[in-house]
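Residue numbers (our numbering): 6 to 188.
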């Protein structure tokens, strides 16, 4: 994963994917905290990752929220950014890197409380998240995140993990650890 300001160092002949850009993921996590958290805060890495899963895999979110008329054969196969199968369900190995980058820029705080890590926006993070949320290119994601909060915002991370394993056995639970999750 590269920072946007380092992309110019890459040869122009190589393909560039938004999935490889640090700021793309950082922006999504700021929006996740802003729109899926409570007062810009999410309790636990597991909950953050599972809410992020639903933001990144809109078809899976539609199934999980019980949308009527969602036929698995008619899924759009939309994946905003891939995740891997981890011990605790869908996960992105870049989370620790991203959270450290956001914390170093004073956009979030990460505080350990008991066994859990709580992630919260700082006032500067709230300001940046608001600016990102107003960009036209993030409007669809913001709408989806508001829906995710409405459906799953009050659920615990463990509940979300179990729900994902139950609903998406073949797509997630049956995959080997470290394997990319597909639709």
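The C-beta atom is built at its ideal place from N, Cα and C for all residues, glycine as well.
None of the values given here were measured: they were computed from a predicted structure.
C-alpha distance - residue i paired with residue j, whole-angstrom precision
i, j, result
"residue 49", "residue 42", "11 angstroms"
"residue 45", "residue 60", "16 angstroms"
"residue 62", "residue 139", "22 angstroms"
"residue 132", "residue 144", "17 angstroms"
"residue 109", "residue 130", "11 angstroms"
"residue 176", "residue 58", "13 angstroms"
"residue 102", "residue 27", "9 angstroms"
"residue 89", "residue 31", "Low per-residue confidence applies at residue 89: pLDDT is 49, beneath 50, and the placement is therefore not dependable, though the value from the model is reported in the following sentence. Distance between the alpha carbons of residue 89 and residue 31 is about 18 angstroms."
"residue 98", "residue 169", "18 angstroms"
Cβ-based burial, residue i [other Cβ within 10 Å; buried from 16]
i, result
"residue 39", "buried"
"residue 3", "Residue 3 is absent from the model: the chain starts at 6 and stops at 188."
"residue 136", "exposed"
"residue 166", "buried"
"residue 160", "exposed"
Limits of the beta strand (DSSP E) - the one that residue i falls within
i, result
"residue 122", "121-126"
"residue 46", "46-48"
Per DSSP, the bridge partner or partners of residue i
i, result
"residue 118", "121"
"residue 63", "According to DSSP, residue 63 bridges with nothing at all."
"residue 113", "126"
Residue interval of the alpha helix (DSSP H) (run including residue i)
i, result
"residue 153", "144-157"
"residue 32", "27-41"
Cβ shell of residue i (< 6 angstroms), same chain only, five flanking positions each side left out
i, result
"residue 75", "Residue confidence is low: residue 75 scores 49 on pLDDT, short of 50, so the model does not pin down where it sits. Its coordinate-derived value is still stated next. If we look at residue 75 and ignore the five residues flanking it on each side, its Cβ neighbours are 67 and 68."
Same chain, Cβ closer than 8 angstroms to residue i, neighbours up to 5 away in sequence not counted
i, result
"residue 73", "With a pLDDT of 46 at residue 73, under the threshold of 50, the modelled position of this residue cannot be trusted; read the value that follows with caution. If we look at residue 73 and ignore the five residues flanking it on each side, it has no Cβ neighbours."
"residue 104", "34, 113, 115 and 124"
"residue 127", "111, 112, 113 and 114"
Beta-carbon proximity list for residue i, same chain, < 7 angstroms, skipping 5 on both sides
i, result
"residue 172", "68 and 69"
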